[in-house]
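These notes concern the structure reproduced below.
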Amino acid sequence: MGCGSSTPAEPAPSVAPSTVSAPANKEVENALEAAKVEDEGKIKMLLLGAGESGKSTIFKQMRVLYGKPRSDDDLKMFGCVARSNITVVMRKLVAHLRDLGLEEDLDNESKAMDVGDGMTPRQAYDELLAHLVDMTADAPQDESEVYAGDWVGANQRAGMGANADALLFMQHHDCIKTLWNTETMKIVWNKRAPINVIDAHFNYLNDIDRIAAKDFKPTTQDVLMSRVRTTQVIQEKYKIDGIDFEIIDVGGQRSERRKWIDCFDNVTAVIFIAALSEYDQTLAEAKRTNRMVEALELFRSVCNNRAFENTSILLFLNKKDIFAEKIMYSDIADQRAFSDYSGPTQNYDEGVLYFIQKFKDCLLDDDFNDSFIHTTCATDTSNMQFVLDSTRTILMAGNLKKSGFLGAD
Ligand SMILES: Nc1nc2c(ncn2[C@@H]2O[C@H](COP(=O)(O)OP(=O)(O)OP(=O)(O)O)[C@@H](O)[C@H]2O)c(=O)[nH]1
Ligand SMILES: [Mg+2]
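Mapping the sequence shown onto my numbering, position 98 (from 1) lands on 870, and the numbers just tick up by one.
Rendered as structure tokens:
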């Protein structure tokens, strides 16, 4: 297989025949046979889907459920990423507050508050606008001073951009907290669809003090909620109940998809992940394209790809938690692409069924009729344990042939 990987596959034995004696030849044959048998018993799962659908989160859950605990070095990197994620989301929200013309609301809120010696929401907003959005403020404080005694600190593995944003978080977390806790910000949050923020970072924003603390050590949940765009094919191997599993994660944004084809060989199952909650959002990389429309098109092309003729295809409709929340204030039928939705508003079950049908409509034949589809929350370990265990059982039984699965959970 041609995938680049963080955990390279065992190299297949290869020796040029002309240089090998007869007994050695036998050894090579045996080794090749052993490798083939090992490969045949192995279950190879490929995670596919558009950007931000949740592939890497499921990849991380495999490690939580079946792999080794993270090293401190890993956790420091994720700590740095989590802090930078907060700066990214806040930068977008502050700019959006301005674009929505809500500064006056913030002023009114500030006037009605008695903050004593503390800062008003308007002051917090002005500071964030200068430092995070317009970059009109002075150069930041010395990094070593900010990170003195900090467990996470700066982290080379997180990359330059994440380090710069994590530093901004450490310098302005008081302002971020003050502004986040305003009524005006609640309005901005509910109008976030056009600005493509990561919904899971809502939880980070509600936990600023812990994340800014010098002894902050990311929890498993923090790691699962952290966001780094995948730009490399990554694979990991697990032995579960004596069976070898290999799971492959790829980048889902448009520019990453040309790398997918290198991973198509000998795949037992494709797990296609689509975010249910993204029906009212547009792509990060193409602002005019609805994310759900993109996911449907991508699903169509994956299911009808000849490379997967003999491959099981499973569909995970992910981010069900965000979908459940969003459906209460963002109507499916308000989206041009889904104006044919005729079910009741604010109805989770009807909304899910509608999108399941949209995915089924992508198939040329009815092979998928027997299939199982899971609605998932990739950041919820117990939900993923249930889903991945049943996926595993079905794949191991070998009774999934070019289909997916449909199971209410
Ligand atoms: N609330 C919630 N957040 C989720 C869920 N699944 C993923 N996320 C979050 O969504 C963000 C994007 O998820 P990723 O796993 O990085 O998405 P991806 O599909 O790997 O994206 P690319 O690497 O760009 O292809 C992360 O911050 C996750 O924590 C979910 O079911 N619920
Ligand atoms: Mg990813």
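Even glycine gets a Cβ: it sits at the ideal position worked out from N, Cα and C.
* Asked: At a cut of 8 Å, does the segment 862-873 reach the segment 834-848 through at least three beta carbon pairs?
  -> no
* Could you give the DSSP three-state label for Val1005: helix, strand or coil? => Looking at Val1005 - three-state DSSP - the assignment turns out to be coil, as it is neither helix nor strand.
* Going by beta carbon distance, what residues of the same chain come within less than 8 Å of Ser793, once the five residues before and after it are set aside? -> Annotation note: pLDDT 48 at Ser793 (below 50); position unreliable, coordinate value reported separately. Cβ within range, chain order: n/a, list empty.
* Asked: Helix or strand or just coil, what does DSSP make of Met817?
  -> Correct three-state label for Met817: strand.
* Asked: So who's on the other strand from Glu1018, going by DSSP bridges?
  -> Lys816 and Lys1009
* Asked: What residue range is occupied by the uninterrupted beta strand (DSSP E) comprising Val960?
  -> It is not in any beta strand (DSSP E) - Val960 instead sits in the alpha helix (DSSP H) that spans Glu955 to Asn962.
* Please work out which residues of its chain come closer than 6 Å, Cβ to Cβ, to Leu874, disregarding the five sequence neighbours upstream and downstream, and give them in chain order. => For Leu874, where only same-chain residues beyond five positions count, the Cβ hits under 6 Å are Thr956.
* Could you give the distance in angstroms between the alpha-carbon of Gln1107 and the alpha-carbon of Ser1114? -> 12 Å
* Is it buried or exposed for Pro1116, if we count other Cβ within 10 angstroms and need 16 for buried? -> exposed
* Is DSSP giving Ala1096 helix, strand or coil here? -> helix
* **Under the three-state DSSP convention, the category Val1042 falls into** => strand
* Which whole-angstrom value is the C-beta distance of Ile1043 and Met885, which I expect to be below 8 Å? -> In fact, because the Cβ distance is near 49 Å, the residues do not count as touching under 8 Å.
* Within 10 angstroms of its Cβ, does Asp1052 collect 16 or more other Cβ (buried), or is it exposed? -> buried
* To do: Per DSSP, which residues does Phe1088 bridge with? Please list them.
  => Ile1045 and His1146
* To do: Verify whether the separation of the beta carbon atoms of Tyr1126 and Ile1145 is less than 9 Å.
  => no
* According to the Cβ coordinates, are Ala822 and Leu1055 closer than 9 Å? -> yes
* **Contact check, Ser1162 vs Lys1098, beta carbons under 9 Å** => Not a contact, by the Cβ cut-off of 9 Å.
* To do: Please report the Cβ distance between Val1022 and Leu878, rounded to the nearest whole angstrom; I am assuming they are in contact, meaning their Cβ atoms lie under 8 Å.
  => The pair is not a contact, with the Cβ atoms about 42 Å apart (cut-off 8 Å).
* To do: Give a single yes or no on whether Asp1093 has its beta carbon closer than 8 Å to a heavy atom of ligand 1.
  => yes
* **Given 8 Å, three or more beta-carbon pairs between the segment 1033-1042 and the segment 848-867** => no
* For Thr1153, which of helix, strand or coil comes out of DSSP? -> helix
* Three-state secondary structure (DSSP) at Asn975? -> helix
* Proximity test, Glu917 beta-carbon vs ligand 1 heavy atom, cut-off 8 Å -> Checking every heavy atom of ligand 1 against the Cβ of Glu917, none is found closer than 8 Å.
* Can you check whether the CB of Gly1024 is closer than 9 Å to the CB of Glu824? -> yes
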